[in-house]
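Residue numbers (my numbering): 52 to 322.
Ideal Cβ placement from N, Cα and C applies to all residues, glycine included.
Taking it in order: structure first as structure tokens, then the write-up.
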């Protein structure tokens, strides 16, 4: 089991809203400097445009830093996932997170199952795991039914219990339902706050350990250390008053998240 950072831990620092956005190599370097040993390049479209030489440079840089790369995308279309398996081969990646839906395609459960039946054998041959992420657009039970129907070591659940609240699924219920099929963890905390005037709530991120994520329950149910499941830090940090303050808060949340996880998972260790 390893602890890592996602590109979603750099969401604002890599965005066009800041004066000097971080690039992929800078995020990778920061991951290594933080003591994390996994960097998940998730929903980061520029990686798809890298040349063979650029992919090899990225793979070599990660190897030099002793950081394992993972990938993340959206959708189940065969051509798209075949492309990601090719990226995985070039980058020596063993895990790809994906979702049922992309911007252009929203398969039914039956369609999703048939699409996965096409691509999963290729993943098996390549020793790559796909993880379907829990999120509000698809009921957790539907994801599980598809994963159970395929029943392959190359397909499991990427668990992020906070994503499912918008579908009125309780995070602990999602943890319990998926635990046996989890192959990757997205770790972020979340909380509700009253809107000004006490009319409604905002559901947003919070520093890890301060919100509603029952991390102890997640750890006990999934057993990531025992089962060698990577834990990857993300954030739902709202934009702050200025780019500088937003970047400062994002960096502080990352540091707090890593300290929390290393304290709870001493087996992971620090570099």
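Query: Which residue marks the beginning of the alpha helix (DSSP H) containing residue 311, and which one marks its end?; Result: 294-315
Query: What are the boundary residues of the beta strand (DSSP E) that includes residue 121?; Result: 119-123
Query: For residue 255, which residues of its own chain have a beta-carbon under 6 Å away from its beta-carbon, when the five flanking residues on both sides are left out?; Result: 287, 289
Query: Measuring only the C-alpha atoms, how far is residue 138 from residue 85?; Result: 25 Å
Query: Quick one: using the 10 Å Cβ neighbour count with 16 as the cut-off for buried, is residue 147 buried or exposed?; Result: buried
Query: Pick helix, strand or coil for residue 240, following the three-state DSSP scheme.; Result: strand
Query: Using a Cβ-Cβ cut-off of 6 Å (strictly less than) and excluding sequence neighbours within five positions of residue 186, which residues of its own chain qualify?; Result: 214
Query: DSSP three-state label for residue 85, please.; Result: helix
Query: Flag this pair as yes or no: are the beta carbons of residue 308 and residue 284 separated by less than 7 Å?; Result: yes
Query: If you reduce the DSSP assignment to three classes, tell me which class residue 250 lands in.; Result: coil
Query: With a 10 Å radius around its C-beta and 16 neighbouring C-beta atoms as the bar for buried, classify residue 131 as buried or exposed.; Result: buried
Query: Does the segment 221-232 come into contact with the segment 242-254, if we say contact requires no fewer than three beta-carbon pairs (one atom in each stretch) closer than 8 Å?; Result: no
Query: Do residue 89 and residue 122 have their C-beta atoms closer together than 7 Å?; Result: no
Query: Please state the DSSP three-state secondary structure of residue 59.; Result: helix
Query: Taking C-beta to C-beta, are residue 306 and residue 63 nearer than 7 Å?; Result: no
Query: Three-state secondary structure (DSSP) at residue 133?; Result: helix
Query: Just to confirm, is the Cβ distance from residue 54 to residue 312 under 7 Å?; Result: yes
Query: At 3 residues or longer, what runs of the beta strand (DSSP E) sit wholly inside the segment 169-194?; Result: 180-184
Query: Checking the sheet assignment: what are the DSSP bridge partners for residue 92?; Result: 122
Query: For residue 154, count neighbouring C-beta atoms within 10 Å of its own C-beta (all shown protein chains included) and say buried if the count is 16 or more, exposed if not.; Result: exposed
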